[in-house]
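Participant: Structure incoming, see below.
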Amino acid sequence: MTKDPVTTKDPVTTKDTEPVILAFCCHFCAYAAADLAGSMRLEYPHNVRVLRLPCTGKIEVNYILAAFERGVDAVIVAGCLEGGCHFLEGNLRARRRVERAKQFLEEIGLEPDRVEMFNLSSADGPRFAEIVIEMRGRLDKLGLSPLRIDAEQTARAIDEISEQAEATLAGEQS
Ligand code: FES
Numbered sequence: 158m159t160k161d162p163v164t165t166k167d168p169v170t171t172k173d174t175e176p177v178i179l180a181f182c183c184h185f186c187a188y189a190a191a192d193l194a195g196s197m198r199l200e201y202p203h204n205v206r207v208l209r210l211p212c213t214g215k216i217e218v219n220y221i222l223a224a225f226e227r228g229v230d231a232v233i234v235a236g237c238l239e240g241g242c243h244f245l246e247g248n249l250r251a252r253r254r255v256e257r258a259k260q261f262l263e264e265i266g267l268e269p270d271r272v273e274m275f276n277l278s279s280a281d282g283p284r285f286a287e288i289v290i291e292m293r294g295r296l297d298k299l300g301l302s303p304l305r306i307d308a309e310q311t312a313r314a315i316d317e318i319s320e321q322a323e324a325t326l327a328g329e330q331s
């Protein structure tokens, strides 16, 4: 467990035996909630990496599958509350894509519970911590992903995905 604030800028350090959770968070709500959880010094598993997206509507099924392909053990997609998306229906689109990703995972023999969509407000720091704890609890039951190669390679892949997500955000804001 950690009390450090969450940031995509932190270097990813992990061990072969530790699960890695990747959280795709919408800039307006879930990312702010993750930041708040860090500022509040809430305790939650440290091996989650938060990637900021302009809106969860930007997430494609391929991004989720690519994360698993690169050895990530679980994926969180976290967006604004329903009705609160700044792009109107981005979070609803994201939920459909997460459902589709679950189907693909099942088809390739990975447990659909490794990915989940959540909705929260920017003030929901405690909820963000609960979500990470929930997903970490799922991994206690599911175990590490059979697609994982080694921790270092997974860490590098997360850095790459993080850079792509930040580039997408920069493109949106320019
Ligand atoms: Fe937050 Fe769309 S802006 S989910």
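First residue of the sequence shown: 158, per my numbering; consecutive thereafter. Glycine included, each C-beta is placed from N, C-alpha and C at the ideal position.
(1) When you compare the CB positions of valine 272 and valine 232, do they come within less than 8 angstroms of one another, or not?
(2) Less than 8 angstroms separating the beta-carbons of phenylalanine 185 and histidine 243?
(3) Assess, as a yes-or-no matter, whether the segment 244 to 253 is touched by the segment 214 to 221 under the definition of 3 or more beta carbon pairs within less than 8 angstroms.
(4) With respect to 7 angstroms, is the separation between the Cβ of phenylalanine 244 and the closest non-hydrogen atom of ligand 1 below this value?
(5) Less than 6 angstroms between C-beta atoms, sequence neighbours within five positions excluded: which residues of the same chain meet that for phenylalanine 275?
(6) Sorted by chain position, which residues of the same chain lie with C-beta nearer than 6 angstroms to arginine 293's C-beta, five sequence neighbours on each side aside?
(7) When the distance is taken between beta carbons, is asparagine 204 closer than 8 angstroms to valine 229?
(8) May I ask which residues mark the beginning and end of the alpha helix (DSSP H) holding arginine 250?
(9) When every heavy atom of ligand 1 is checked, does at least one fall within less than 7 angstroms of the C-beta of phenylalanine 185?
Facilitator: Reading from the atomic positions:
(1) yes
(2) yes
(3) yes
(4) At least one heavy atom of ligand 1 is nearer than 7 angstroms to the Cβ of phenylalanine 244, so yes.
(5) Ala235, Ile288
(6) Pro202
(7) Not a contact, by the Cβ cut-off of 8 angstroms.
(8) 247 to 264
(9) yes
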